[in-house]
Amino acid sequence: MSWLLYGAYGFTGRLLAEEAVRRGHRPILAGRDGERLRALARTLNCPHRVFPLDDPFRLEVGLRQVRAVLHAAGPFVETSAPMLDACLAVGAHYMDITGEVPVFEAAFEQDARARDEGVIVMPGVGLDVIPTDAAAALLQRALPTARRLELALHSPGRPSTGTLETVVEGVPGGLLVRRKGELQGACPGDREFRREVDFGPEAGEGPMAGRLGGPRSVIPATWGDLATAWRTTGIPDITCYLTAPRRQVQLLPLALPVLRGVLKVGPLRRLVRRRLARTGGGPDAETRAGGRTRVWGRVEDGEGQAAEMVLELPEGYRFTALAGIRALEGVLELAGGSRRRPVPAGVLTPAGALGPDWVLGLPEVEVLRKPQPFPARVKRA
Ligand SMILES: NC(=O)c1ccc[n+]([C@@H]2O[C@H](COP(=O)([O-])OP(=O)(O)OC[C@H]3O[C@@H](n4cnc5c(N)ncnc54)[C@H](OP(=O)(O)O)[C@@H]3O)[C@@H](O)[C@H]2O)c1
């Protein structure tokens, strides 16, 4: 029995396929466009299967004899449900690279069914949420009394077209945060979000020199950790941020409501996506090889104690390929089970299932600031 990569000829799918082959796998490459799939399968010398997601019968046939699926076709608000349903129907383990909160929440609703079927479901095995989920777990280990978690990502460089299309689909949902364990809407201009984040020492040389460290302005973001860090840590208050130039931080509270209004209109949203789709691709090989990403996390316990940490990782799409394939290997190992360690079926988070330290063993991942408790003080911008 093999595993299947769906969306294999997409920008990130292809990076995952190449990394899988580099590591000695021979996944079944899958997607809905036969021509593009055959070309990739020939190049990588892998088997392939052509099937769409909107035909449940063909989808289930496409998953025959498949042990696990790594789903890379997004936006996942449109693609995850049929694939997850089919995986649960045929008993295949499911992983994807979503970062979309509604997709995680919908997956967690399938927990009981996944347990019944003995299936492992692990959404978010990319840049979002592998390192941030680990940071949340490591911070909680350093400060077990933590009640409030903040996570920020600094990922300089161009996003892929698929990522931008996914953002366009997500904008109408507005900004979310987690408070007292519940997801709730928030206003990006609120004072509580006005802050700077210290991403640690500056990179002194190379293509990232001067582009990584130091205090940086951030905007609040509806990031997948609002769903996963809550399940991994149980910390009830969670806010996620992305870095942005100061000017964007100032404009966002004014621009976002307008953008939301425009993108709520289906035909306008589709028009924007069609325009974006024409540009195609993502960061080039040189950028992926030389780029770096930083993750910052902070917990507070409300009793005067805090802890912070900073991680450095490879460029986001390269990290997604490196980490996604290794997470799949980790899930296949878990799925092997044993008499002493039964298969942990259900909807799992990366750090919950693979452990908080697992991320530290990934290539080129470095801890720049270790999580150690200190007296709390929040710096407002
Ligand atoms: N978690 C993370 O950190 C992370 C990292 C990277 C990417 N992502 C996410 O991964 C997704 C893909 O990104 P990308 O850069 O690879 O985008 P992309 O280059 O546009 O590729 C998207 C792929 O999905 C397929 N697809 C889309 N809708 C489909 C549908 N309804 N049925 C079947 N196939 C469908 C496309 O096939 P067609 O060409 O036939 O439409 C294509 O193969 C995005 O949602 C992005 O946000 C997440």
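Those letters in the sequence shown? Residues 636 to 1016, per the working numbering, in order.
Glycine included, every Cβ here is placed at the ideal spot set by N, Cα and C.
For clarity, every value in this text was computed on a predicted model and none was experimentally measured.
Just so you know, the alpha carbons of residue 770 and residue 932 end up roughly 6 Å apart. If you compare the alpha carbons of 778, 809 and 961 with that of residue 941, the shortest gap goes to 778. Placement of the Cβ of residue 739 at a distance of 7 Å or more from every heavy atom of ligand 1 is found. In the three-state scheme derived from DSSP, where H, G and I count as helix and E and B as strand, residue 793 is classed as coil. About 28 Å separates the CB atoms of residue 833 and residue 816; that is not less than 8 Å, and the two are not in contact. Within the same chain, 980 and 981 come within 6 Å of residue 750 by CB-CB distance, once the 5 residues on both sides are set aside.
Judged by DSSP in its simplified three-state form, residue 685 adopts strand. Burial check for residue 930: the Cβ neighbour count within 10 Å reaches 16 or more, so the residue is buried.
If you ignore the 5 residues before and after residue 682, its C-beta comes within less than 6 Å of the C-beta of 663, all in its own chain and listed in chain order. Checking the DSSP bridge columns, you'll see residue 1000 has no partner listed. DSSP lists 637 as the bridge partner or partners of residue 701.
Between the beta-carbon of residue 926 and that of residue 797 there is about 18 Å, and that puts the pair past the 8 Å contact cut.
Taking 8 Å as the cut-off, the beta carbon of residue 962 is found closer than this to the beta carbon of residue 985.
Across the set 722, 855, 860 and 864, the C-alpha of 855 shows the shortest separation from the C-alpha of residue 831. Cβ contact annotation for residue 997 (same chain, cutoff 7 Å, sequence separation greater than five): 957, 958 and 961, in chain order. Residues of the same chain with their beta carbon placed closer than 6 Å to that of residue 691 are lacking, with the five preceding and five following residues left out of the count. Per DSSP, the continuous beta strand (DSSP E) segment holding residue 941 begins and ends at 940 to 949.
In its chain, beyond the 5 residues on either side, 729 have a beta carbon closer than 6 Å to the beta carbon of residue 719. By the criterion of a C-beta distance shorter than 7 Å, residue 908 is surrounded in its chain by 800 and 803, once the five residues flanking it on both sides are discounted. Residue pairing by DSSP places residue 1009 opposite 941 in a beta bridge. In this structure, DSSP gives residue 931 an extended state, which the three-state scheme calls strand.
The C-alpha of residue 936 is placed about 36 Å away from the C-alpha of residue 970. For residue 649, the number of other beta carbons within 10 angstroms of its own is at least 16, and it is reported as buried. Spatial neighbours of residue 787 in its own chain (CB-CB distance under 6 Å, excluding positions within 5 residues in sequence) are listed in chain order as 832, 853, 876 and 931.
Residue state for residue 959 is assigned as helix, using DSSP reduced to three classes.
Around residue 734, the same chain offers 763 and 859 as residues with beta carbons nearer than 6 Å, after the five sequence neighbours per side are excluded. Looking at the DSSP output, residue 788 shares a beta bridge with 877 and 930. Going by DSSP, residue 717 is part of the alpha helix (DSSP H) stretching over 711 to 725. In the three-state reduction of the DSSP assignment, residue 765 falls in the helix class, which pools H, G and I.
For residue 833, the uninterrupted beta strand (DSSP E) segment begins and ends at 831 to 833. For the set 825, 948 and 643, the Cα lying nearest the Cα of residue 669 is the one of 643. In the three-state scheme derived from DSSP, where H, G and I count as helix and E and B as strand, residue 897 is classed as helix.
Annotation: the continuous beta strand (DSSP E) that includes residue 812 extends over 811 to 814. Buried is the label assigned to residue 731, since at least 16 other Cβ atoms lie within 10 Å of its Cβ. Look at residue 656 here: in three-state DSSP terms it is helix. Checking the 7 Å criterion, the Cβ of residue 667 is within range of a heavy atom belonging to ligand 1.
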